[in-house]
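This report refers to the structure that appears directly beneath it.
Numbering (this note's numbering), first residue to last: 250 to 475.
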């Protein structure tokens, strides 16, 4: 538990415990195999009360240039934006946004909820703001909404809301590789800017600047459940 909370490696944490720096309730603990009750035990390290959370849920406004991978030897990852006090080793992104796509990204360690959200049978909607080169018309809108053949497979029906000749909102229920860009390219429109603004019932917090994140509150976590 202490290692997950970034108090050191397992070896370092064992020494912290052995040196008598950890107290659970009213007792100093010297045994690193002590079984903790996550819900009722009060845990102190260096006399400071710590809070253990089994699951954490973060909303991040992803900037361009970052990839949705835990480790990447070439590009910075979205996890580089997470402060050490909020980082857990088992965090992962709920789906992915392309390197040059901005906007709403959920990071968590709740695998069960991720499975529910990303399962094709639940058809969870993702809404994007899109800017593009080329002029959109009713014929292109109809094609985008009714399904585009991508890599030999027809996309599911989408919803498109035209803003002007060169921008729109599009809502899809899938997450194929470069799907939005490929859909627009199929009707001779080149995407120049892409930002996800909604995931399921959850909207991007407009107060979050690019690269910023915050924890979801209980109401927002419930909104995520499909």
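By construction, the Cβ of each residue, glycine as well, lies at the ideal position given by its N, Cα and C atoms.
In the structure shown, the three-state DSSP call for residue 370 is helix. Annotated three-state conformation of residue 454 is coil, per DSSP.
Three or more Cβ pairs drawn from the region 435-445 and the region 373-389 lie within less than 8 Å of each other, which places the two stretches in contact. Between residue 385 and residue 414, the CB-CB gap stays under 8 Å. When only Cα atoms are considered, residue 257 and residue 425 end up about 38 Å apart. DSSP places residue 300 outside both helix and strand once states are collapsed to three, so it counts as coil.
Per the DSSP secondary-structure output, residue 252 pairs with nothing in a beta bridge. Assignment of residue 345 by DSSP, reduced to helix, strand and coil, places it in the coil class. The beta-carbon separation of residue 324 and residue 316, rounded to 5 Å, stays under the 8 Å limit for a contact. With 16 or more other CB atoms across the displayed protein chains lying within 10 angstroms of its CB, residue 292 is buried.
Ranked by how close their Cα comes to the Cα of residue 370, the residues 475, 359, 255, 260 have 475 in first place.
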